[in-house]
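Peer 1:
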Amino acid sequence: MYLDLDGQGARYAQLIRALKSAILDGRFAAGARLPASRALARELDVSRNTVLAAYEQLQAEGFLLGRVGSGSFVANVGSATPQKRSANTLVAPLSSFARRALANTDGRRIPGHQHSDLRYDLQYGLPLANPLLGSVWRREVSRAAEHVEFDYPDAQGLLALREQICDYLARRRGVPAAPEDVVIVSGTQQAFALAARVLLEAGDTVVLEDPHYRGARQVFAAFGAHARGCRVDNEGLVPAALPSSARLAVVTPSHQFPTGALLPLSRRVDLLDWATERHAWLIEDDYDGEFRYGGRPLAALKSLDRDGRVIYIGSFSKALFPALRLGYMVVPASLREAFSATKWLEDRGCNALEQATLARFMADGGFERHLRRAAVALRARRSAMLSGLRRHAGDAVEVVDSNAGMHLTAWLTRASHADCERLVAHARTRGLGLYTITPYCLKQPPRPGLVLGYAGLPPADIEAAMKLFGKCLQETGLAPSR
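Going by the working numbering, 805 is the number at position 160 of the sequence shown; the sequence numbering is gapless.
(1) Return yes when the C-beta of G994 is under 7 Å from any heavy atom of the ligand COA, and no when it is not.
(2) For R873 versus A886, is the C-beta distance shorter than 8 Å?
(3) Could you tell me whether the Cβ atoms of R913 and L949 are closer together than 8 Å?
(4) Out of A978, G1011, A1008, R970, which one is the CA nearest neighbour of E999?
(5) Are the beta-carbon atoms of T1081 and V1069 separated by less than 8 Å?
(6) Among R678, R683, A705, R1059, which residue has its Cα nearest to the Cα of S715?
(7) Contact check, V719 vs G676 under 8 Å by CB: the rounded distance?
(8) Could you compute how far the alpha carbon of W1056 sits from the alpha carbon of S960?
(9) Given D1106, which residues of its chain have a CB within under 7 Å of its CB, disregarding the five upstream and five downstream residues?
(10) Span of the alpha helix (DSSP H) holding L664?
(11) Can you give me the Cβ contacts of R686 inside the same chain, cut-off strictly under 8 Å, excluding the 5 residues immediately before and after it?
(12) Per DSSP, which one or two residues make a beta bridge with I829?
(13) Could you say which of A667, R656, V722 lies nearest to A699 if we only look at CA atoms?
(14) Counting along the chain, where does the alpha helix (DSSP H) carrying E688 start and finish?
(15) Can you name the start and end residues of the alpha helix (DSSP H) that Y1055 belongs to?
(16) Report back the beta-carbon spacing between G832 and G972 to the nearest angstrom; my notes put them in contact at under 8 Å.
(17) In three-state DSSP terms, what is I928?
(18) Starting from T1081, follow its DSSP beta bridges and name the residues at the other end.
(19) What are the boundary residues of the beta strand (DSSP E) that includes Y938?
(20) Pick out the complete alpha helix (DSSP H) segments inside the region 956-1013, 4 residues or longer, and give them in chain order.
(21) So, helix, strand or coil for D1106, using DSSP?
Next comes the structure, spelled out in structure tokens:
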């Protein structure tokens, strides 16, 4: 218990004043139990008689209630308690970073937490619910706890986990990496923040695909960088549209976010040439590279990097679950020490128990077994959405089918941007969560589109959601032609 004795007069009188102040300020709520006299005497380094005398006086004045065998409790002093001061009355001087951070976040909204009242929510980013994974993970955590060291972990990440990630990337994504190249981070968002700290100065230019993942844009804007968009077509980023100078470019070549385009090999080579010639850095965000449903994917852009210009980012939020808050970066040799030092300053390293659990899960084959099961479930949900869109939306939408990921992009063929916003608002009144592509763009796209996430709903619910979508199109005058 914190009590500030003012040093004026007898100790029991100081204690009375301190207790009264705490009660009247609301720090000790009505009904709260005060420490036993012996315990408080030891804590304050006073005699027990001093505490007893203070308690007795406060009981006499009605501030405390004494209960035989139970102790002393704060009485309800009613109107004596002043109103709490509003924190809004305080004017706090903020740094330029804090001001930019506030200006570039939209209430810190998290996917899945925005509209819990919706019956069918097609928000991108909702996790694939897998009750089996929950029970498996609890068991793995218990096993890892028997062996994990309780000291601070290596800020770069547990070696066992970095080794498993290197093995996984070599086999699944064609990325050659050594454990010393890998930095374990608490998700993609921290990876972007570390990259901003290591590579950027305020005023530097960062290239973003347009459209793009807006979490990256918000991070770089908070650090004072200037974002420039680069055009995206049905094959992904257009290298010929890249600016002549920039410090950094963020790309999603294996599954452009959110359009779903796959960047062909010739454009990948052009992109690497652009970075090498201009001494720029590329961040390859491979946000859902684990899930592909047809065709043979190209290896990651990082696998073609011969000049050490690519920083590869992967995350376990989509592959496992967002609450895990673990991801990784594969950095060029020239940046290893800078990223390790920056990570150490940031948080001294990610949770060692979760890292150890994940390392065991990967080493035992559990991770890839989970990925196979998840891919089957996601393929069924994707098929349900595609077939539902064909039946209930028809030619009112043009669907970009990318054979990968956890979402689809649907362009509205006969609607304006205002019509699209009206459709979204109407669908919400019917219990259907639709989301436009506009927030992911630096400038308004030439036609309106929707980003439709399918991971959070089972196939039967997706079919019902698509049927409701068709009704919403009819009710807003955007129905398909017959």
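In this text, a Cβ means the ideal position worked out from N, Cα and C, and glycines have one as well.
Everything numeric in this text was worked out from a predicted model, so none of it was measured.
Peer 2: According to the data block:
(1) Absence of the ligand COA from the depicted structure is noted, as is the absence of any ligand whatsoever, leaving it without description.
(2) no
(3) Result yes, Cβ atoms of R913 and L949 sit closer than 8 Å.
(4) R970
(5) yes
(6) Just measuring C-alpha positions, the residue of R678, R683, A705, R1059 sitting nearest S715 is R678.
(7) 6 Å
(8) 28 Å
(9) Spatial neighbours of D1106 in its own chain (CB-CB distance under 7 Å, excluding positions within 5 residues in sequence) are listed in chain order as Y765.
(10) 656-669
(11) Arg is not the amino acid found at residue 686; the sequence shown has Ala there. Around A686: S692, R693, T695, V696.
(12) Per DSSP, the beta-bridge partners of I829 are Y973.
(13) R656
(14) 682-689
(15) According to the sequence as given, residue 1055 is Ala; it is not Tyr. Where A1055 is concerned, there is no enclosing alpha helix (DSSP H), although the beta strand (DSSP E) it sits in stretches over 1052-1057.
(16) G832 to G972, Cβ: 5 Å. Contact.
(17) Strand, per DSSP.
(18) L1095
(19) Segment: none, Y938 is in no beta strand (DSSP E) and carries neither H nor E.
(20) Unbroken alpha helix (DSSP H) stretches of 4 residues or longer found wholly inside the region 956-1013: 981-992, 997-1008, given in chain order.
(21) helix
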